[in-house]
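Protein sequences, first through last, are from chains A and B. Sequence positions in the first sequence follow my numbering and run 171 to 387. Sequence positions in the second sequence follow my numbering and run 171 to 387. Where is the CB? At the ideal position from N, CA and C, for every residue including glycine. Below is one structure; the comments refer to it alone.
Number of protein chains: 2
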Amino acid sequence: MTKTTTGPGRPRRQDTEAVRRALIAAARDHFAQGSFKGVSVREIARAAGVNQAMVSYYFGDKRGLYEAMLEETIGPLIRVLEEAEARGEVARLEDLIPRHAAMLAANPWLPNLIIREVLYGESDFRNLFIEKFAARVAGALRRAIDGGRDKGELRDDLDPKFGTLILFSLTIYPFVARPIVERAMGIPIDDAFAGRWSEQILQLLAPPKPPPEDEDP
Amino acid sequence: MTKTTTGPGRPRRQDTEAVRRALIAAARDHFAQGSFKGVSVREIARAAGVNQAMVSYYFGDKRGLYEAMLEETIGPLIRVLEEAEARGEVARLEDLIPRHAAMLAANPWLPNLIIREVLYGESDFRNLFIEKFAARVAGALRRAIDGGRDKGELRDDLDPKFGTLILFSLTIYPFVARPIVERAMGIPIDDAFAGRWSEQILQLLAPPKPPPEDEDP
DNA sequence: CTATTAATTAAAAGGACGTTTAATAATTCC
DNA sequence: GGAATTATTAAACGTCCTTTTAATTAATAG
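In structure tokens, the structure reads:
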């Protein structure tokens, strides 16, 4: 006779990786909505459908879960970006910007995690985060700007350092401030937004078009 | 004989307003650094140099202190801005942008409080906040953009809605992401920054200059 | 087949936190 | 000048949260 009631003990043939993944996913979604202290282990475990003691069992403690979550959610995205850069797929701003925007639009938890880590991240971990994430993105933006300048694809009154900051701000902020943008400005952040927004950014940085002739070509 | 040791009881001639102000200031600084749950009443009271029970005594509870703090720190800034607008002092982007930037640079706790309220603010209060703060700033930006367009002071390939978002992003984000900007991009956010940054923003939105003649005037 | 190991549970331990309380002393009011 | 009020303190209270523990059972190894 097989027992059907749940109780302590090892369950029949349950995948340990599934539990880990469920916890990481629940942690990602919850930490994107609330602060580190504002989200409880109980909540996360309940959302993941596992016992709260599993957090300590798999990750040591709450912070261990948090850090594993950051590594396993943001890490892959950075790697994808870096591989794309290595293959020269995002050397030009016209390729890089839409890619960044699409990535942020497709992963709604991403901008929140980033900004939270920047605002409240604790010393050591925040340092690592800035180094691993922000510095790399900033580097890619800077290289694309320098390249664009050299090829005359960029307006020449743009300071390269400030240009990097302009791009950084314009790519991330609308997604971070989503509630404001949607409700106070009436701009929906939907699938189409990333594309139109990228176009607007690129247009802003393009060199001035020659003044229109009075006649059509 | 006058007692010199501290103990329970009403102190000699201490100003009740001073206690209130100390609590508000400590709350402002602490809530700018940590989340609502991440900052304890004990910490704030200690920083303010008063007993923790004073929080309940003056503000009812922790949330009462938080809301009073938001009202008394952000409220005046909004009012200053609105009065400036009423007097027509910030109708033009060249006046409005540097003013916003200077305000954010001069009050380092401001961008953090704003973004935190947007990210984690709880239902009712966040709604109020967005309505009172974000919507007004967005409105002022929008009016300045529309005005600038009418007078031909703005490039004409700029969608007004997106233009508002561009300005909003560029004015706030560098101050929010200060650690990133300073450390990953090497741009110090100091007194001089607000001015140079405003110029860069305005330059970006200005209509393209006529192509330079080959001779000096 | 038996003994060990691994995964899970419910419950409890231990700590921190927000809030309340009772005591106390300066101030104010009549 | 005495009674009531106000501002303050230290301590306690109750709650919630993270982490640990002891029990339990499936899986695995010898």
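Quick check on A/A271 - is its C-beta less than 8 Å from some C-beta in chain B? no
Let me make sure I understand the geometry here. Which of A/P378, A/F299, A/G365 has the alpha-carbon closest to that of A/E242? A/F299
Please name the residue in A/P330, A/R353, A/L311, A/L337 whose C-alpha comes closest to that of B/F303. A/R353
I'd like to know whether the C-beta of B/G365 is nearer than 8 Å to at least one C-beta of chain A. no
Neighbouring residues, chain B, relative to A/M355 (Cβ below 7 Å): A308, K331, T334, L335
Buried or exposed for B/G204, please, with buried defined as at least 16 other CB atoms from any protein chain shown within 10 angstroms of its CB. buried
Under 8 Å, with one C-beta from each stretch per pair, do the segment 308-320 of chain B and the segment 248-263 of chain A reach the 3-pair mark? no
Let me know the secondary structure DSSP gives B/N282 once reduced to three states. helix
Between B/D327 and chain A, is there a C-beta pair that is closer than 8 Å? yes
Which chain A residues sit within Cβ distance under 8 Å of B/Y290? Q203, G204, S205, G208
Quick check on A/N221: buried or exposed, where buried means 16 or more other Cβ atoms within 10 Å of its Cβ? exposed
Residues of chain B with a CB under 9 Å from the CB of A/N277: which are they? Within 9 Å Cβ-Cβ: nothing; A/N277 doesn't reach chain B, min ~16 Å.
For B/G322, count the other beta carbons within 10 Å of its own beta carbon; 16 or more makes it buried, fewer makes it exposed. Which is it? exposed
8 Å Cβ shell around B/A347 - same chain, five flanking residues per side excluded: none
To which residues of the same chain is B/L247 closer than 8 Å at the C-beta, ignoring the five residues directly before and after it? M273, N277, L280
Report the residue from A/K207, A/A364, A/L193 whose alpha carbon sits nearest the alpha carbon of A/E287. A/K207
Taking its Cβ as the centre, do 16 or more other Cβ atoms sit within 10 Å of A/R163, making it buried, or is it exposed? Residue numbering for chain A in the displayed model covers 171 to 387; residue 163 of chain A lies beyond these limits and cannot be assessed.
Would you check if the distance between the CB atom of A/P344 and the CB atom of B/S339 is smaller than 8 Å? yes
Is the Cβ-Cβ distance between A/I214 and A/L193 less than 8 Å? yes
When you compare each of A/L335, A/A188, A/Y290, A/A217 to A/R198 by their alpha carbons, which one comes out closest? A/A217
Taking only beta-carbon atoms, is B/V211 less than 8 Å away from chain A? no
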